[in-house]
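First to last, the sequence lines map onto chains A and B.
Taking our numbering, I'd label the letters of the first sequence as residues 695 to 945.
Taking our numbering, I'd label the letters of the second sequence as residues 14 to 275.
Ideal Cβ placement from N, Cα and C applies to all residues, glycine included.
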Amino acid sequence: MSVLSMQQVGITLGGRSVLDDISLHIEQGEFVSILGPSGAGKSTIFRLLTGALRHDRGTITCDGLPLDQSPHGFAFMPQRDALMPWRRILDNVTLGLEVRGMPRKVARAQVLPLLAEFGLSGFERHYPAQLSGGMRQRAALLRTIVQARPVQLLDEPFGALDALTRTQMQTWFEARWQAARWTTLLVTHDVREAVALSDRIYVLSPRPARVIAEIQVPDARPRLGRPASADAHALEAHLLDILLNRTGDQS
Amino acid sequence: MQHLVPRRPGGGLARGIPAVLSVASTFVIWEIYVRLSGISPLVLPAPSRVLEQMVLNSALLWDNTLPTVKATLAGFALSLTIAFALSIALDFMPRIRRALFPIFVVSQTLPLVAIAPLVVLWFGFELTPKILLVALVTFFPMLVALVDGYESTDEEIQALLRSMGASRATVFRAARLPSAMPYFFAGLRISVTYAVVAAIFAEYVGARAGLGIVILNAKNSFRPDLVLAAVVISSALTLFLFAMTALLQKLVLGWRDAGGGQ
Numbered sequence: 695m696s697v698l699s700m701q702q703v704g705i706t707l708g709g710r711s712v713l714d715d716i717s718l719h720i721e722q723g724e725f726v727s728i729l730g731p732s733g734a735g736k737s738t739i740f741r742l743l744t745g746a747l748r749h750d751r752g753t754i755t756c757d758g759l760p761l762d763q764s765p766h767g768f769a770f771m772p773q774r775d776a777l778m779p780w781r782r783i784l785d786n787v788t789l790g791l792e793v794r795g796m797p798r799k800v801a802r803a804q805v806l807p808l809l810a811e812f813g814l815s816g817f818e819r820h821y822p823a824q825l826s827g828g829m830r831q832r833a834a835l836l837r838t839i840v841q842a843r844p845v846q847l848l849d850e851p852f853g854a855l856d857a858l859t860r861t862q863m864q865t866w867f868e869a870r871w872q873a874a875r876w877t878t879l880l881v882t883h884d885v886r887e888a889v890a891l892s893d894r895i896y897v898l899s900p901r902p903a904r905v906i907a908e909i910q911v912p913d914a915r916p917r918l919g920r921p922a923s924a925d926a927h928a929l930e931a932h933l934l935d936i937l938l939n940r941t942g943d944q945s
Numbered sequence: 014m015q016h017l018v019p020r021r022p023g024g025g026l027a028r029g030i031p032a033v034l035s036v037a038s039t040f041v042i043w044e045i046y047v048r049l050s051g052i053s054p055l056v057l058p059a060p061s062r063v064l065e066q067m068v069l070n071s072a073l074l075w076d077n078t079l080p081t082v083k084a085t086l087a088g089f090a091l092s093l094t095i096a097f098a099l100s101i102a103l104d105f106m107p108r109i110r111r112a113l114f115p116i117f118v119v120s121q122t123l124p125l126v127a128i129a130p131l132v133v134l135w136f137g138f139e140l141t142p143k144i145l146l147v148a149l150v151t152f153f154p155m156l157v158a159l160v161d162g163y164e165s166t167d168e169e170i171q172a173l174l175r176s177m178g179a180s181r182a183t184v185f186r187a188a189r190l191p192s193a194m195p196y197f198f199a200g201l202r203i204s205v206t207y208a209v210v211a212a213i214f215a216e217y218v219g220a221r222a223g224l225g226i227v228i229l230n231a232k233n234s235f236r237p238d239l240v241l242a243a244v245v246i247s248s249a250l251t252l253f254l255f256a257m258t259a260l261l262q263k264l265v266l267g268w269r270d271a272g273g274g275q
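Take a look at the structure:
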């Protein structure tokens, strides 16, 4: 049974159809990317899953249950890190646990041993403004992971970083993901990132969005930190071709 | 150039020097002018004479400072409570906000000269009308600052909290309230400078004791030196309250000083 399944999901916002026909699924331990042109409605899918919006058509199930009966299936990581500037790093990371009602002390004790793995040890008492962009992003990711939800939703998590930091973060993330196998749904418009990190990629059309391609990425991991394989290059070219020629993206 | 300006230990004191110099030189020039021109102390008393009167009348001034301090603190406490309670109510009920906000704005358009005697007429010569007038004058900047502050909350942080299953109350407590704090302190600094002046004005209109009464009596008996003595105390009170808010801000908004870099 899929951890997450969307069947012919559609939504109309303000009289305009944003999502036309989205069908996708994610299996346990799988890394799936949604690739699409800017403004295609990728983030709208996440807003449906986090309960910020309700879909008009189709069905969404999480662990076999309809979405409204399993409201806590997803841990969400927004585009910018959304760290609270007035909370120390440790207290930012425990936010999701505290919201769920866990006492702060217990939450801290649970999170502290994980800081090293995320390159944050020694910085737990720092405020977000004192950290580099890469560290902030790792803190935001840790805040997502510690919620221990079935699916991680990552909304262009490396998009705001400079090119060098982004490459470092992707490589670090791949290693972490290989060790932990979080079930992950990534939204991105970066073809290289999608090919490097995903097991499968869904390609969206421009608005109103529909799935126009589903592509397996068979390459062996780890893929980053060494020259990309010929297959990966071919796949990137193929995806770019779909995005540029079949989606008619005007931007 | 940065290294020429010491920013940490000692920096605060060093930066205070120009302010102290400018204030001191104002008094020196004033003193010199009064002595050289031979102007009557009934028109313009020298700073030294004002100081002298403060010492000579210290008992009178002290007895009348206490009621003013009481009215200021009680009025400001009331104002702070009302501003916070209202801001929360308005934040949770946007309809009420649209209904009531015009009333608050109108309350700030009332000329104090007209309203103060009426409040004294309604509530008597005791503490109550002073408390009410201080509250009326000071609650608005804080209320506006809080309401604007809640609105300034980062939408992404709120969406994140909701995705974690946070209720409206949790979003308020965890995100909207802390986001409003820098705004609140901006409003608080404005409000606090009005508080003492409002209390004195309320006393001036009708009271048994207070700095306002000292000023009224001194004016009526042609004693500008005593008027200015009361003014010195009033300024000192406001400066003290201002310093307290600065201290409180440092405690509450400590995270902002952490700043960039390590």
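| Item | Value |
| --- | --- |
| With distance defined between alpha-carbon atoms, name the residue in Glu908(A), Arg802(A), Glu868(A) nearest to Ala914(A). | Glu868(A) |
| Are three or more beta carbon pairs between the region 799-810 of chain A and the region 833-845 of chain A nearer than 8 Å? | yes |
| Kindly indicate the opening and closing residues of the alpha helix (DSSP H) around His932(A). | 924-935 |
| Specify the secondary structure class of Trp268(B) as computed by DSSP and reduced to three states. | helix |
| Using a C-beta cutoff of 8 Å, does Gln15(B) count as contacting chain A? | Below a pLDDT of 50, predicted positions are generally treated as unreliable, and Gln15(B), at 40, falls in that range; no measurement from the model is reported. |
| Closest Cβ-Cβ distance between Asp161(B) and chain A: below 8 Å? | no |
| Quick one: does Ile170(B) have its CB under 8 Å from some CB of chain A? | yes |
| Are any of the Cβ atoms in chain B nearer than 8 Å to that of Trp780(A)? | yes |
| With a threshold of 8 Å between beta carbons, is Phe852(A) in contact with chain B? | no |
| Could you round the C-beta distance between Pro822(A) and Arg832(A) to whole angstroms and report it? I think they count as a contact, below 8 Å. | That belief does not hold up - the Cβ atoms of Pro822(A) and Arg832(A) are roughly 12 Å apart, past 8 Å. |
| According to DSSP, is Pro760(A) helix, strand or coil? | strand |
| What runs of the beta strand (DSSP E), each 3 residues or longer, lie entirely inside the region 733-794 of chain A? | 751-756, 768-771 |
| Trp268(B) touches chain E at which residues, Cβ-Cβ below 7 Å? | Structure shown: chain E not included; protein chains present are A and B. |
| For the beta strand (DSSP E) containing Glu908(A), list its first residue and its last residue. | 903-910 |
| Can you list, in chain order, the residues of its chain whose CB lies under 7 Å from that of Ile720(A), leaving out five sequence neighbours each side? | Ser696, Val697, Leu698, Val726, Val845, Thr877, Leu879 |
| What first and last residue would you give for the alpha helix (DSSP H) that runs through Leu229(B)? | 224-233 |
| Less than 7 Å between C-beta atoms, sequence neighbours within five positions excluded: which residues of the same chain meet that for Asn77(B)? | Ala222, Gly223, Leu224, Ile226, Val227 |
| Do you know offhand how far Leu55(B)'s Cα is from Thr251(B)'s? | 27 Å |
| Listing by chain order, which chain A residues have their CB less than 8 Å from the CB of Gly178(B)? | Pro765, His766, Val793, Arg794 |
| In terms of alpha-carbon separation, which member of Gln763(A), Leu814(A), Glu887(A), Leu713(A) lies closest to Phe740(A)? | Leu713(A) |
| So who's on the other strand from Thr706(A), going by DSSP bridges? | Ser711(A) |
| For Ala193(B), I'd like the list of residues in its chain whose CB is within less than 6 Å of its CB, leaving aside the five on either flank, ordered along the chain. | Leu159, Gly162, Tyr163 |
| Assuming contact is defined by CB atoms lying nearer than 8 Å, are Ile909(A) and Ile895(A) in contact in what I supplied? | yes |
| Do you know offhand how far Glu168(B)'s Cα is from Val133(B)'s? | 46 Å |
| Quick one: is Met177(B) buried, meaning 16 or more other Cβ sit within 10 Å of its Cβ, or exposed? | buried |
| Taking the straight line between their C-alpha atoms, what separation do you get for His927(A) and Gln872(A)? | 22 Å |
| Just to confirm before moving on: does the CB-CB distance between Ala890(A) and Thr882(A) stay below 8 Å? | no |
| Checking contacts by CB at 8 Å: is Asp167(B) closer than that to chain A? | yes |
| With 8 Å as the threshold, decide whether the Cβ of Arg175(B) is near any Cβ in chain A. | yes |
| Taking a contact to mean a Cβ-Cβ separation below 8 Å, would you say Met771(A) touches Pro900(A) in this structure? | no |
| Can you find the residues in the same chain that come closer than 7 Å, C-beta to C-beta, to Ile109(B), ignoring five residues on each side of it along the sequence? | Ala102, Leu103 |
| Answer with yes or no whether the minimum CB distance from Ala193(B) to chain A is below 8 Å. | no |
| Are Gly88(B) and Phe138(B) closer than 8 Å when you measure CB to CB? | no |
| Identify, in the order they occur along the chain, each residue of the same chain with its Cβ nearer than 8 Å to the Cβ of Leu125(B), setting aside the five sequence neighbours on each side. | Leu146, Val150, Ala211, Phe214 |
| Report the residue from Pro731(A), Glu724(A), Gly709(A) whose alpha carbon sits nearest the alpha carbon of Asp893(A). | Glu724(A) |
| Nearest to Leu918(A) by CA position, among Arg860(A), Arg875(A), Ala874(A), is which residue? | Arg860(A) |
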